[in-house]
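Some notes on the structure that comes next.
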Amino acid sequence: MDIANEIESRRQQIGTFKFRITLFVVFFFIAVFGVFVITSVLQISAVTRFVCSRIGIPTVDKVSTIIDGDAFEALSKSLDPQDPYYEKTRLKMLEIKQTINCRYLYTMAPVSTSVFRFIIDGSTTPDDEENFSPLGAEEDISAYDSAFFATLRTKEAQLGVIDMNETWGNIISVYTPILNSRGNLVGIIGCDLEADTIIAWIKTQVLWQLGVVFLFAILALTVYFPLVKRLNRLLS
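Heads up: the sequence shown is residues 103 to 338, going by this note's numbering.
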């Protein structure tokens with residue numbers, strides 16, 4: 103009877119040990135994949151911010167130095183393409199855009215909460231209808247990046263996330279407000295940067311990390327299954 107109790111007790115101990123090993127492996131997988139997800143998100147954020155801090159933010163800062171808030175406000179009301187301020191500023195924006203090779207560089211003024219007007223577009227020339235938004239062209243901004251609305255709300259420059267847009271391609275946006283002499287927000291500057299290279303780099307990094315995760319998973323399973331098999335033999 104004592105031998106039977108001892109065998110049963112041993113079975114319970116081994117069963118408990120097996121359960122703990124299984125639990126450890128499960129938590130190990132959760133931890134490894136958790137680290138994978140967290141590091142991937144942090145990498146994407148870090149790369150995005152690095153690119154925008156080195157290219158995007160200096161671009162909008164440079165544009166903001168040539169934007170006269172009062173003149174911009176007057177132009178957004180008159181919509182007069184003959185206004186000397188319009189063509190002069192447009193050419194300066196086009197020069198800045200070509201220097202840093204961003205995809206789109208533009209200014210907009212509010213019409214309503216969901217509609218803005220393009221005022222000065224620094225993209226190519228007015229003859230290029232595909233890439234140029236003429237003075238006064240209205241745009242529904244309801245689907246714009248949340249950073250756009252944050253700029254309107256805070257009156258501070260904001261960084262958008264990578265936007266995989268079917269129409270415009272892969273871009274990262276930086277926005278900054280245009281203020282008049284009274285401190286009122288009268289418009290916004292938008293700078294859309296190429297994101298294809300960044301996305302390719304991120305994909306490479308994610309695949310490399312995923313490979314490391316699978317390597318750890320294989321190592322864990324290599325230890326787990328022989329150990330469970332040995333325990334099963336002890337139980338039989």
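Cβ coordinates follow ideal geometry from the N, Cα and C atoms, glycine included. All figures in this text were calculated on a predicted structure; none of them were measured in a lab.
Rounded to the nearest whole angstrom, the CA to CA distance from K194 to L309 is 42 Å. The region 248-258 makes no contact with the region 181-189; the number of CB pairs closer than 8 Å stays below 3. Beta-bridge analysis with DSSP links Y277 to Q260, G292. Membership of P186 in the alpha helix (DSSP H) is indicated by the continuous run 186-202. Around the C-beta of T201, fewer than 16 other C-beta atoms lie within 10 Å, and the residue is accordingly described as exposed. Contact between V288 and N282 holds: CB atoms are separated by about 5 Å, below the 8 Å threshold.
D223 has Y208 as its beta-bridge partners, per DSSP. Between F234 and D247, the CB-CB gap reaches or exceeds 7 Å. Exposure of K190 is indicated by the presence of fewer than 16 other C-beta atoms within 10 angstroms of its C-beta.
Assignment of D170 by DSSP, reduced to helix, strand and coil, places it in the coil class.
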